[in-house]
Structures are given as structure tokens and as C-alpha cells.
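Beneath this line is the structure, given in C-alpha cells, with notes to follow.
There are 4 protein chains.
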Amino acid sequence: MVGGGEGAFIGAAHRAAAALDGRIQLVCGNFSRAPDNNRRSGRALGLSPARIYPDWRTLIESEAALPESERMQALTITTPNQLHVPIAEAALRAGFHVFSEKPAGVSLAEVKGLKSALDASDRKYALAHTYLGYPLVQQARQMVIDGALGRIRKIYVSYRQGWLSTGLENSGNKQAGWRTDPALAGASGCMADIGTHAFSLAEFVSGQPITHLCAELRSHVEERRLDDDGAALFRTAGGASGVLIASQVCAGEENDLTLHIYGEKGGLEWRQMAPDTLVHRIPGGEVRLLRAGSDKNFLHPRALQGLRLPAGHPEGYLEAMANLYRDFAASILDGVPANYPGIETGIRGMAFIEAVVASRGNWVALADTVDSPTEVLS
Amino acid sequence: MVGGGEGAFIGAAHRAAAALDGRIQLVCGNFSRAPDNNRRSGRALGLSPARIYPDWRTLIESEAALPESERMQALTITTPNQLHVPIAEAALRAGFHVFSEKPAGVSLAEVKGLKSALDASDRKYALAHTYLGYPLVQQARQMVIDGALGRIRKIYVSYRQGWLSTGLENSGNKQAGWRTDPALAGASGCMADIGTHAFSLAEFVSGQPITHLCAELRSHVEERRLDDDGAALFRTAGGASGVLIASQVCAGEENDLTLHIYGEKGGLEWRQMAPDTLVHRIPGGEVRLLRAGSDKNFLHPRALQGLRLPAGHPEGYLEAMANLYRDFAASILDGVPANYPGIETGIRGMAFIEAVVASRGNWVALADTVDSPTEVLS
Amino acid sequence: MVGGGEGAFIGAAHRAAAALDGRIQLVCGNFSRAPDNNRRSGRALGLSPARIYPDWRTLIESEAALPESERMQALTITTPNQLHVPIAEAALRAGFHVFSEKPAGVSLAEVKGLKSALDASDRKYALAHTYLGYPLVQQARQMVIDGALGRIRKIYVSYRQGWLSTGLENSGNKQAGWRTDPALAGASGCMADIGTHAFSLAEFVSGQPITHLCAELRSHVEERRLDDDGAALFRTAGGASGVLIASQVCAGEENDLTLHIYGEKGGLEWRQMAPDTLVHRIPGGEVRLLRAGSDKNFLHPRALQGLRLPAGHPEGYLEAMANLYRDFAASILDGVPANYPGIETGIRGMAFIEAVVASRGNWVALADTVDSPTEVLS
Amino acid sequence: MVGGGEGAFIGAAHRAAAALDGRIQLVCGNFSRAPDNNRRSGRALGLSPARIYPDWRTLIESEAALPESERMQALTITTPNQLHVPIAEAALRAGFHVFSEKPAGVSLAEVKGLKSALDASDRKYALAHTYLGYPLVQQARQMVIDGALGRIRKIYVSYRQGWLSTGLENSGNKQAGWRTDPALAGASGCMADIGTHAFSLAEFVSGQPITHLCAELRSHVEERRLDDDGAALFRTAGGASGVLIASQVCAGEENDLTLHIYGEKGGLEWRQMAPDTLVHRIPGGEVRLLRAGSDKNFLHPRALQGLRLPAGHPEGYLEAMANLYRDFAASILDGVPANYPGIETGIRGMAFIEAVVASRGNWVALADTVDSPTEVLS
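Residue numbers (the UniProt record's numbering), protein chains in the order written: chain Z, 1 to 378; chain R, 1 to 378; chain W, 1 to 378; chain V, 1 to 378.
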């Protein structure tokens, strides 16, 4: 693992998620550029001092030099965005599989380069679009594929947080610090950080690439250098239209990612903060709640596969991320086909970021990238 | 009353709302242009046959000819939009107060004309922006005025219905029929019908006029002649920005009007379908639910005034509309200042409709109308 | 109307509910034993001074002396419990129909006497079990009748309020005053006031008389003379069992009346504070939300009949009570069969109160009263 | 680990929960009495064949014979109830710490014996009362301790499941099989399985031992040999009273464990199926939602300690159980005081089971066991 030292929330989440199913073990790491933090973090995790590396290059080189039976097999990257591609490419070159935080990189061109590297190797690459790992998100996608909603007309996705309502980056908060620094985060703050989650959720469930958008980004806190808020009208390849909202200045909101999708025959609603219920509305007045843990009469196998517990025993964010890690491990260890977000999703996300930044209130087309919005097609 | 014959939902709602508090009595009407429907409707309401009039002109003339102690005092208009202004003007000329369905008319120019007529008379005019009559909408507005949220940054308002997902207008549904007919509804379908509710709710609670918007309207059902769906990015005079969504093709949705508003210090959420709770989010993680019926420690007098029952006894749509009628009656009978949406709100709504229709995906400015989004300022 | 002067919540609710559908008009009243309150209340309601009577006996005598076309047709009783039967009997004798607050009286014997008087007359009698007027309560009952749940096994009903958590009766609160005074309320406080609502809801929806119960009542506030809290285990004639909870010292609760009922094939849940949703759980994991306003594919005609508005326009407590008044008026004016709670429901309630007071922690049988728990059978 | 082979839900939950924080590793097991299941289960978990033991005695003996640095340190017991104490005692004698499923055993006497064994050893013993590991359950307890509710008056706890609505035990379902078999489960089915959870939650949050109860148990499915349903009225040592409901025949219910607790100054509500919200009701009408992940201004350190993620990232059942494992590991590895449910909670649970089975509709006293309902006092 690179990144995820003391004070970094997402690194700890990756470790817990990877550990949950008992097939993945943390063996080495470079947790921080600060030597003290790095050392303390590694020790607290029970690593041998020899495998707590001072920087990511040393980590990759040293592990590659170990006998095959001892060295790590895959590298998790949880650094600021601008290092995602350089580390991923180095890891691939050294023969390691990669599990990267999103966005995949800081520019579409850079991530296309990474795709070329991947295409030329036989290594696996997973992108931490954790919300796509929720079983009922899979269920929603399958219901759309199976035509339960008919032709899709409307997609509304919003992701509201409040934690950047004040200038946290000026008071030493590391997570706020790098996310608002163009040198570390890239051309976008909020849209890269959470807008990409909303975007990939919309494309994943609808099965329709977003082709055009008209967006306005804002920065509400004085001297903040990147967007902390924005919204976009959009159109899809399949003739649907919708609205995407992403904001980190919705004071008081926690982590409210919500999707509504409507077709000719009904609608679905999913809320990340109550992830074990998928609302299915059917014209006429009936509302069905599809529940995580329901039996096979109600849920698609793809959804059931991501559930560990009977209905009524809540599973959450770590379990959703663990689903990605489990499928990633299965593709490496058991040779099953990749069934998790990968480089195509990463490319789509970069196309989104570049379009949303370029729009400035005008309609723009997303770069033409791939036919399908994501490769998780089971 | 003009309009509201058999099969018309909104007319019956007006009658129940007006009756609720015991100060208003239905004395005459022209309920339908169809003589049979008109007669049957009037009789079912217990009116004397002499005061069931064949058309609205006859109604106004005949009532005006009655002795003052016998004639109606105010006229409710629940016809299709294109008649709102002609009937209102005739009623005013004949000396009657007017309670009109929204939108106020079919063009901004026409409604400005109505305003002139009103300015020149001493009659009262109320507009059925029912949702502004909900006590917790009043509470939200007062909290914004009192600074509970700090400076407002974001306003999201969405109004989702599903009842026009199919071509109801082609199968004899009267309500769908006139709402999708430009000759009766005006230049907009969905935006005039429900978009104006979302718009006035946003302006009323935020206290900020919307100055610019960028909208896309759609018509999803074949051969439908007016928009049944749309969304807009917008900016306000106070520097806030937001998103307005209105759609009648969200299949399976009932009547989901929802407002989120955020300032520097917190956020409010109100949902019309659960109108007795106002969610107040405060950064740090506390969420307060302000409940209808709460005692005076928690609610503003303006909100308490609109409540008839102790907490936990649900009050709904009719009670909200009854609040407008009660205040309308009080302004006529007791001479208290108008405390309900009126012609200014109507003008704002027309400015909205014209802008949203004109936008076609571009940023446009709303016509400059009034300083304050609504006159209900208590 | 007798009772319902200034400061009395329930009288105003009766007036609004009766007015809602436009067929019932308030023509006279004795609103308070206090002459000032009585006069002010009557005037505020627009009554002619001649028909604001100083006491209920005068009201009945005077109205009976008026010409038939002028006098009231039915009398609403909203006094403390000990007057319910005396006034009802006097009204019946004078030829008036009666709409009484619950409980029907202060003892089973007294209410049986009232039933004899009713049986000997042709007048109508309705009991204000308002919660039975909610459309989705009717829906729940019909689903049980139709076998949607199979044989009923479990019934849980709880009614939690918090308003008597302190000694309100010692600080001049009238409503708390009479409800905690055995001379005015009868042998029970909480159980007579709200326990009877829970009891009648359980019997009405399940269609099964409760035959035995084991209850503990408590009085939590110092010097309070009647129960303010209690719970009972119970068994029904149909072999089901359950739990009834009623408390007025659940500090912070508003008016939380909730029913869960389960049979072999599924369960239903209804909450008065969100009355427009009926939750239908079906084994396997599907949950259906039946919504007020849904179309006829989903709701029973008996439920649809109680709805005035399309789905998503909330109707509440006043509309539920208005349903009772509407059906009461229809039975008087149109001669349709009674379709509202009446004297049988009143007798069942008295049997419940007497059993729950007598139990003191032991199993007791309810008095054998009627075969059916209530006469509202549509 | 003993138990938890293929088809056993709870064993897999223990493994995931133990793994989550990276301090506990599965090293050996006896997963089933069926050799095939045992072997397959062990291999699927990546254990070396030598440490997949044929029975629990062999497991304990063989592990004890390994060098200290290689052998397991603690044993998780997830067998049917009748083996809990025998295995725990053997494990303690061999020097292993024990993490046992609940109930602690099949009789109070047996569990008191286990307590003596524990008192005589220096080994740790944890009981899988998973629901006590939820952060907001800890918060609720701390708020009661801190007097936020004032003196406690009412405790309502209900645990509703539906999965035993039919005779699953007759169709080869293992989990239903042993839970309804007195030889394996002990004297109670539903009350031992889930009633104990409801009971321990009530005592843990209120801080008050339940002293008396009056219960009725039922068995609804033909030929079922143990209770599948029941309810009890109860009183506590501190003068509160309440109701406990536990049923496994609430058809359609998933795993609905809900607690309401009220004191003189307010009430708390917690629902396991939405575990990240604690509702705090304050008389007058304000409702506060305390949210998991809230910052330290709102949550007690004891609650914060059990949270891994920022607000709005749902944590669920596995995380709650992982909290018990983490504290268990900390008490073994770091020597910190025990901070999880242990033998005292087990003894209380047994006293509850024996009382509830003995009651048969009469008031009975719980055996006098310990002063405090549980030892988790932090």
C-alpha cells in the first residue's frame, strides 16, 4: 500500500475492506512521505520494519527484488491524485497488480497512457469506485438491463457533502489540503473527488454514456483554488437526460449520494446513506422496497453475490469496498474475469472531469472514449 | 367559483380548504362549460339552481346585480390558465375579490396588466401557491430571515410527478388534456403547472429572486405539444446558485416537491410528502427535526399560526390551502394586511415561465419584476 | 355541539372535520360551563347569540322547541367523559342524532343502557374513533378480511404520547385536568383516553375480539389520581395474541399510534404519524408500500372512498375524522347504512377499560359483549 | 474456531468481524461434525490441513500441544448452545481465551459453573452480544448514565423476525433445526436466540437489572418443540417498567431489534436496521438525530471509539461485532481492561431465559445474580 498513513481515512478503509474476506493480507507499505508518520503507521499495522518503505519507488523496487513467494502481489494506491498514474505505471512495469483510488489520474491523456500500459501487460487494475460495489447498485443496473423500467428517460444523481463549508485547508487538515491544491488533485476539486462517483453511478446503472453536459462549478470559500461545488445538465447516448449535482459546501450534509432513474415503466431510487433498500416505484401507486438480504426470488444473482449477511443485518461502505477487493482477488487468484470497475471507468471519469471543468456554463461534448460506460458487465 | 366541476381535482380541494375554518361559504358557481356537468356539480354542492350559472360572465353579472348582503364577496378561479386573467379582471371590475389558481395567467404582459387593474382597485387578490401555506415552509423562510443558515449558498428544488408518463391526454383525461394544450395552458406545460411551484418555493424560502437560469425542457410523450419535463441551473440576486427540477414523467412518483437550502452555517430540507417535518442540519453531525405542532420554544409564530392540531396529528395539503383561504378571509373581513401569495408572486412566476421557455439550453435573465420574490413577508 | 370552547383542542377538530365536505353546518352550541368562554367561543364561530346556550340541557330543550326546519339535526358531544351518556340520552330522547367523543361513557353498564335507548329509537349514533377513519386503516382491515395475511398470529399495537410526563393538571391545563380526575374521566385516565384507540384499532383491523388480557397500569407523576401509562398482554377469539401499549409519559413523543399485525403469510404496519403509507411485508424480502391515493389497482374501494386527493397530497387527522362525519351525514341525509364506529365499538371499549383496570397484573376475561369487534363492516 | 462450517451464517460473520481490524488471524478450526463439510470449510479458508481438526476436543488438545508461539491464543465458539459451556471450559483449562456465541449456555447453573472456572483463571471471556457493540448503543447508554433522560420510567424493546413462520426445521434447514431442538438449544428457542439480545440491550442501555417479569411464550408452527414467539411485561430494580417482545413468526420481518427508552426528561429510540441514527426526543417538540460519525461535539468518546468511518459512510453488523473482537483483542494483547460483554451478561441472559420459560403468564422474579446488568461499564 502507498498512502494511508495516520490521519488518512481512506487508507484505513482500504485495509479493512481488503481484510474482510480473509484472502488479502497487508505485507508492506509506504504510508506517508513523513518518515515518522510512515514508521508509526507501519508498526501499528504490525508490519516488519524492513517492509515499511521510505517512498513508493523504493517499495516497488524492493518488493520486486524479493523472491516471488515472499513479495507482494498487488499494490493499493491511496495517494493524492497526481501520483496515481506514475505509481500505477511503475507497479505494472515491476509486475504488480494495481488497486487504485479514483480518479484514475489527473488528465485524460495520462490515463489513456495508463490504459496502453495495461493493454500491453497481463496485470489487473481495479479502481476504487466503491459505491458500484453496493449490492443494490448492482441490482438497479440489472433491473435496467432487464428492462424493468422500459426505455430510460431521466437520471438524477446528486452527491452532497458539507465538510468543506469552511476553509479547512487553512487549518492543517491534510485531506482538505491536497484536495484543494491543483498540484496534487488536478484540475478539479469537488468534481474529481465526488462528482466522478456521481457520474460513474449514473453511467453504471443506466448503462448509457453521458455525451454532453452543461455545467457550472463554483468555489465558495475564500482563496480556495479548486471547485468545491457544481452542477450539470446532461444528455446520454441513449436519449435520456438528467442532472448531476456535486457539492462539498452543503453545510450539515454527511455523504449523501443519491440516484433517481426513471424509464417509461417505472423508477428506481437508491441512497448511499441507507444502502440496503432500493425503492422501485411502479405507476399506479405501488412502491416496492427491494431489500439487501432478500432471497433469490427478489434479487439478481449479481446482487446476492455481494451480500454476506441475512436481511436486516446492515452491511455498509466497507462491505461494498470489500466486494471490489474480493472480485479483484478472485480475478488474480482464481483467474475469473474481471468484475469490478477498471481502467475504462477511469477513462470515463477523466472525460467527465475535463468536460465539466471546460464547460463554464456552456454545453460541451465529453471526449469520445469507450462504447460502454463501464466494463463491469457480469 | 368558476371551474371545479365533476372530475376536476383542484376545484374540490378549493371548496374543502375554504370550508375548513368555517368562515367561507360557497354560494354560487359555474363549474363547467358543459351544461350537464355544471348543473350536476352545483346541485351536488347544495346550491340553489338560480345561482348555478351557465358561464362565468353570467355569474359575475348576475351576482353583481344581487343586493350587497346576498351576493358573493369573492370569486375562486380554477379554470385552465388562459381564463385566469380575463375572469379575474372581470371580477375585479364588478367589485369582487379574487382567489385564483396559478399560474396567474399565460403571459407576463397579461399578468402585469392584471396588476395594474389591482393597483387601481381596493379588492384583494390571492394566488393558490398552496405549498407556501405549509407551516414548516413558513418556518423555513423565517429561519433564513433570522440568519439560522448564514449567507445562503445553494438552493436545490425538485418537483417530480409521474402521472404524465403516458399520453393520458389522448384518452379523454381532462386534466391532462388542457394542461398539454397550448391554447388553454399557455407556452408551457410542466413548467407552468409545477415548475412555478418549485420556483416560488425556492424564492419564498430563500428570500432571493432568481435572476438567471439555463434550462432544458423536453416533451417525452409522442405528439405531446408542451413540455412535460425540464431542469434549470440558476443564480440568485444574493449570490446563491442552484438547480430546479420539474418533471411529470418520473414514472411512479406521486407529488414529490422537495427543497434543500444551504447556507454557510447549516441546511434545511423540506419534503411536501412528509410536510410536518423540517430537517435542520448543523455542521458537526447534529440533525434537528423541527416538527409541526411543536411548542413555541421551537417554532416561529408565523408557523404556529398555520397549525390547527397538536404535534403528531398530521395536517396536509388541504390544511395548507386552508391557511391561504383563512388569511385571505381575514384580510377581507377583518382588514388585516394581506399575508398570502398574491399578484407579485404571480408576476414572478410568469417571468420564470417565460425565461425557462426561452432558454433552450442557454443562460437567460429573468425579466426584472419586483425586488422581493413574494409579498408574504409578515 | 356541547363542549369545545376556547382552549379545547378536540372541539375545534370536530368543527373543522364536520365542515370539510360542505354538508354539515354548525348552528348552535354550549361550548363551556364558564359563561364568558361559552359566549366568546360561540361568537367567534359566528353563531347567533340566541343559539349560544348556557348549558347542555337548555340547548337540547330549546332546539327541540324550534320548528323542524330550523333546529339542529345532530348533536356533537365533546365534553369530559362522565357527561357523554347523560347528554347522548337526552339528545336521543329529544329526537337528535348524536356524534359522541370516546369513550362512550364511564362504565360498561351505563353504555349498555345507552345502547338500549338507541335500540329503541331510530336515531343515529357515531363514536369519534377517528383513527378508524383513516383510509389505510380501512385498507388494512380489508386485506385481513381478504386473507392477504392468512390466519392472524400476532397483533402489536402501541400508542405513545409524552404530554403528561409532568403534572400539567396542577398548573391549570384544562385538558390534563379533567383527564386525570376520576369524577370527570371515570375509572381510567390513559387507558380510557388513548388505550381505547389502540384497542379499537387492533380489533377493527384484525376482525378479532380480544377476549383476555393481563395488564399493568401505572401513575408516574406524583399525586396523579389516574393511570398515565400501561401495557397488556392479550389473546383474541381467533387464537391470535399480542401486546397493547398505551402511555402518556413517553417524554418527547407526540402521538405515536402504531399497529403491527402478522399472519401466516405476511404482515402489515401502519403508523398514524405517517398515515398515508401502509407497509405490507411479504416473506422472502419484498416490502410493498401501499400509498394513499394509489389507484384502484392497489387499494380497496373502502379505502379509496376515504380519499379526497391524488397520491402525494397528504391527508391527515382532520380528513380521517371528516370521513366519519361524512358517513354519519350520509346515513342521516341519504339513508345509507351506517358505516362508522358506533355503540358496539363503544361497548367494546368500555369492556376493555373495565378489564384493564381490574387486571392488576393478572389475566382477566373481557366482558362478553358482541360477536364482532365493531359494526363498521362495509 | 469451533462451528461455522458451510451453511452457517454466524460463523462467517465472526470470521469477517475478527479479520476487519487486522489484529486477529484464523489459524485453525473444527467447522462441522460432518467431516466433508469440515474439510471443505477449512480449505476454503486457506487453513493448513493439519489444523483443520475433526472435533473440538482434538482441536483444543492439539493446539495446546503446539509451541506457544505457534498455537492459537483464543477460541471462538459458534456451535449450538448446548456445547457452549463444555467447549469454553475445556478451552479455559487448556489456557485459551474464549469468544463465545450467546446464550452463554443452556442453564443458569451451568453458566455459574463457567463463571467459577473463569474466576479461577486469568483467561478472557467474551460473549457475542453483537448489538451492544454498535456505537450508538454505547451512546445511548452513556446518555442514560449522564442523566440526559432523567430518571428512567419506561423501556420498550422488541425483536421481530419472520424467518421461522413456517416449519423450516422440517425441510433440512440446519439453523432452524438446532434452534428448535431442545437437546441442542436448551429450554427455549426464540427467547434464547433473540429474546436474550432484546433483554441485554434493555439492561445495558438502561443500566437497570430487570427483576420481575410476566411472560407468555408460544409455538405457532405445528410440531415445533420450542417457543418461536413471546412477550413479557417487566419491572426493573430502578423502578422502571416495560415490555419485551421477541418473535420469529412475524412473517416478512427481517431482523427488527428496536429499543425505546423514556425518562422524565426525554426519550431515546434506536433501531438495529438503521443503526447509524439515535433519535433523541426532547419534550416540546424538538427531535435530535444523533448520527454515527458525528464529531466529538455530539458523541461520547465510547461511541466514537467504535466508529471507523466519517459520517454518512454506513457501518453495520460486522463492524459492531468487530468492535467486540477489537476490544477483546486489546484486552488480551495490550492488557487493557475488558470492555465487552462477558460472563456477567451471560449469567443475566440465563436468568432471563429461565424466568421467561417459568412464567407461563404469571409474574416471576429473575434469579438474583449480579448488581449490575453488565460489566461493560467503561
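The beta carbon of each residue, even a glycine, is placed where N, CA and C say it ideally should be. Please read these numbers as outputs of a predicted model, since none were measured by experiment.
Non-local C-beta neighbours of Tyr156 (chain Z) in its own chain, meaning closer than 6 Å and more than five positions away in sequence, comprise Gly242, Val243 and His260, ordered along the chain. Pairing Cys250 (chain V) with Tyr262 (chain W) gives a Cβ-Cβ distance under 9 Å. Assignment of Thr211 (chain R) by DSSP, reduced to helix, strand and coil, places it in the strand class. Nearest Cα to Trp178 (chain W) within the set W:Gly3, W:Ser359 and W:Ala355: W:Gly3. Proximity of Asp181 (chain R) to chain W, defined by a Cβ-Cβ separation below 9 Å, is not satisfied. Taking each of W:Val205, W:Gly285 and W:Ser331 in turn and checking the Cα distance to Met143 (chain W), the smallest one comes out for W:Val205. Look at Phe99 (chain W) here: in three-state DSSP terms it is strand. Spatial neighbours of Pro35 (chain R) in its own chain (CB-CB distance under 8 Å, excluding positions within 5 residues in sequence) are listed in chain order as Pro54. Along the segment 280 to 306 of chain V, going in chain order, the ones with a CB nearer than 8 Å to a CB of chain R are Gly284, Gly285, Glu286, Val287, Arg288, Leu289, Leu290, Arg291, Gly293, Ser294, Asp295, Asn297, Phe298 and Leu299.
The beta-carbon of His260 (chain W) is placed less than 9 Å from the nearest beta-carbon of chain V. Taking C-beta atoms as the reference points, Ile145 (chain W) and Gly239 (chain W) fail to come closer than 9 Å. By the neighbour-count criterion, in which a residue is buried when 16 or more other Cβ atoms sit within 10 angstroms of its Cβ, Glu223 (chain Z) is exposed.
In the DSSP annotation of this structure, the continuous segment of the alpha helix (DSSP H) that includes Trp56 (chain R) starts and ends at Trp56 to Ala65.
Cβ contact annotation for Met350 (chain R) (same chain, cutoff 7 Å, sequence separation greater than five): Pro103, Ala104, Gly105, Ser107, Leu108 and Val111, in chain order. Taking CB atoms only, Tyr317 (chain Z) has a neighbour in chain V less than 9 Å away.
With 16 or more other CB atoms across the displayed protein chains lying within 10 angstroms of its CB, Thr369 (chain Z) is buried. Non-local beta-carbon contacts of Asn255 (chain W) in its own chain, meaning distances under 7 Å to residues more than five positions away in sequence, involve Gln161, Gln272 and Met273 in chain order. Counted as a single uninterrupted DSSP element, the alpha helix (DSSP H) harbouring Asp36 (chain W) occupies residues Pro35 to Ala44. Cβ neighbours of Gly150 (chain W) within its own chain (closer than 6 Å, five residues either side excluded): Gly263, Glu264 and Lys265. Following the DSSP letters along the chain, one finds Lys112 (chain W) in no beta strand (DSSP E) but inside the alpha helix (DSSP H) bounded by residues Leu108 to Asp119.
Contact with chain V is found for His220 (chain W), since one of that chain's Cβ atoms lies less than 9 Å from the residue's Cβ. For Ala12 (chain R), the CB contacts under 7 Å within the same chain, skipping 5 residues up- and downstream, are Gly4 in chain order. Nearest to Asp327 (chain R) by C-alpha distance, out of R:Ser41, R:Arg15, R:Ala8 and R:Asp21, is R:Asp21. Asp227 (chain R) carries a coil assignment under DSSP once its states are collapsed to helix, strand and coil.
With contacts defined by Cβ atoms closer than 9 Å, Leu213 (chain R) and Leu233 (chain R) form a contacting pair. With a minimum length of 3 residues, the unbroken runs of beta strand (DSSP E) contained wholly in the segment 268 to 319 of chain W fall at 277 to 282 and 286 to 291. Using beta-carbon distances, Ala311 (chain Z) counts as an interface residue toward chain W, with a partner under 9 Å.
In the DSSP assignment, Gly346 (chain R) falls outside any beta strand (DSSP E) and within the unbroken alpha helix (DSSP H) covering Ile343 to Ser359. Considering only R:Leu92, R:Ala16, R:Gly172 and R:His129, the residue with the shortest C-alpha distance to Gly342 (chain R) is R:His129. His280 (chain V) and Leu299 (chain V) do not touch by the CB rule: their CB atoms are close to 12 Å apart, not below 8 Å. In the structure shown, the three-state DSSP call for Ile24 (chain Z) is coil. Note that the C-beta distance between Leu92 (chain W) and Ala117 (chain W) is below 9 Å. With respect to chain Z, the C-beta atom of Leu20 (chain V) has a partner C-beta closer than 9 Å. For the pair Gly252 (chain R) and Pro283 (chain Z), the CB atoms are nearer than the 9 Å cut-off. At least one CB of chain R lies nearer than 9 Å to the CB of Val243 (chain Z). Taking every protein chain shown into account, the CB of Pro314 (chain R) has 16 or more other CB atoms within 10 angstroms, so this residue is buried.
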